Structure formats: C-alpha cells, structure tokens
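**Student:** Numbering (this note's numbering), first residue to last: 1 to 262.
Glycine included, every Cβ here is placed at the ideal spot set by N, Cα and C.
Values in this document were obtained by computation on a predicted structure and should not be read as measured data.
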C-alpha cells in the first residue's frame, strides 16, 4: 500500500485547534453543575460530535490517516446527530426541557450507526481504498475483499447530502423557535433583547449558515477534498461558542418562558 508524507499547513493548525477546543467545551458543558442543565448537556454532546467530525477531517487532510487506517470513517455515525442535538439545545434553552418524543429525532442516527458496522468491520485493504476514494483519487486502488456487504441502506453515497439536509432542517426549526421567542416578547428578531436571547439568536444564525456554505463548497471539490474548508468553519462555530462562554455567566442562565400575551 502506497502512503504519502504528513502534510501540515495553516488549515491543519486551525482544524486541530477546533478539535481541542471542541473537546474542552464538550467536557466543560457535561461536567459539574453545568451538566445538570439539559440544554448544556445537549450542547456538550454537540461539541463532542463536532470534534469527532473535524478530527477525522484533520487526520485525512494531513495524511495521518495512512498510519491509522482502521479509524477511517469513524465519525460518520455522528453526522446525523448534529442537527437534532443543536435543535435540542435551542429548544431546551427556551423551554428548559427536551421536545416531546425527542427520541424519534434520533432514529435516523441510530439506523445509521447500525449501518456503519458494515464498513467498520472490513479488512484494512478495504479501508485503504475508501480513504483513497475520498481524499487521494490520484493513487491506485489495491485488491480488496469484503467481510460482509457494505451499506444495507444503499444510501451511503448520499451521506453528505443527508447530513447537510438534516442540519438545514433543524437549523430552520431552531430559527422558528427563536423568532417565536422574540415575538412573544413583542420584539422583532434583530431588536435589542435580553442577553441570553441575543446570544442564542446569533448562534442560531451562525449555525444556519453552515449548510448554506456547504451547498456552495461541496460541489466544487471531488468527494471530501473540500472538507477542510468546512472544518475551518466549524472551528469558527466552536470558538464563537467559547467567546460567548467567556463573556460571563449569562450564557448559563436559562431564559424563562415569557408570559403568554393577553
């Protein structure tokens, strides 16, 4: 199996910083008194999910994945959790609880996690070819057998599209919820509002921009070759959250439901 030397540049450094900060924030929100708040738990798991995804992009982009091929696609089961987890965070910040029947939102992610067994349990040659297909199409494939048929859903070729669609749908749901919260206070979306609402609105708008950016980035590159740009943008999202946390304790104060208008 032919391998390539490690490739490190500014993009790799930015992505690595995002991985480290995402792990830190995930642990931060899930531990201590913060972990008792349901919205913090949702955000903590969301941050760890982002970290897993951009960590894999870092390994693939820098060619480190050649040294640990057994890890290829390790973050793929996380993809379909990102949209629901972010929506749960927004909903819980506004209502101090999860949506009713929240577990149905996670069903696609559970199905995809089960499906992932079909490509995790494969020989190293299979994983080598999978890496080349996504990041190094200029290299020749090697002969490979399969331990079991890959992808019983026949949807794996569309996982990027499904991920972006899920993120867009749940970002839109989040947008509708924050707009409703502003209206219940007699405010338009961009009027001056309580700090917690303003912070949440800004995070939602930033998150909503991610699937929009992906729609323009992904078609410009073969397979996953443009993912490093998206990983840098996810790093921006992680550090924006960090900035809001460092500004003070307002981020952790749950916004009570407003009194209904009469």
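Kindly examine the ligand FMN and report whether one of its heavy atoms sits closer than 7 Å to the Cβ of residue 151.
**Tutor:** The ligand FMN is not among the ligands present in this structure, which contains no ligands whatsoever.
**Student:** What three-state label does DSSP hand residue 144 in the structure shown?
**Tutor:** Residue 144: coil per DSSP, three-state reduction.
**Student:** What is the DSSP secondary structure of residue 96, counted as helix, strand or coil?
**Tutor:** If DSSP states are grouped into helix, strand and coil, residue 96 belongs with coil.
**Student:** If we count the other Cβ atoms within 10 Å of its Cβ and call it buried at 16 or more, is residue 127 buried or exposed?
**Tutor:** When all chains shown are included, residue 127 counts as buried.
**Student:** Assign residue 7 to buried or exposed, taking buried as 16 or more other Cβ atoms, counted over all protein chains shown, within 10 Å of its Cβ.
**Tutor:** It counts as exposed.
**Student:** Among 235, 243 and 245, which one has its Cα closest to the Cα of residue 57?
**Tutor:** Taking only the C-alpha atoms, the option nearest residue 57 is 235.
**Student:** So what's residue 229 in DSSP terms, helix, strand or just coil?
**Tutor:** In this structure, residue 229 counts as helix in the three-state DSSP scheme.
**Student:** Spatial neighbours of residue 73 within its chain, please: C-beta separation below 7 Å, excluding the five flanking residues on both sides.
**Tutor:** 119 and 130.
**Student:** Who are the near neighbours of residue 1 in its chain, counting only those whose CB is closer than 7 Å to its CB and skipping five residues on each side?
**Tutor:** Correct list, in chain order: 128 and 142.
**Student:** Beta-carbon separation of residue 48 and residue 26 under 8 Å?
**Tutor:** Yes. Within cutoff.
**Student:** Would you call residue 243 buried or exposed, if buried means 16 or more other Cβ atoms sit within 10 Å of its Cβ?
**Tutor:** Burial call: exposed.
**Student:** Taking only runs of the alpha helix (DSSP H) that begin and end inside the segment 20-108, which ones reach a length of at least 4 residues, in chain order?
**Tutor:** Complete alpha helix (DSSP H) runs here, min 4: 38-61 and 82-95.
**Student:** Check residue 241 in the structure and name its three-state DSSP category.
**Tutor:** In the structure shown, residue 241 sits in a helix (DSSP, three-state: H, G or I).
**Student:** What distance in whole Å lies between the Cβ atoms of residue 89 and residue 46, which are believed to be in contact at a cut-off of 8 Å?
**Tutor:** Contact holds; Cβ gap of about 6 Å.
**Student:** With a cut-off of 8 Å, do at least 3 Cβ pairs link the segment 141-158 to the segment 166-177?
**Tutor:** Verdict: no, contact absent.
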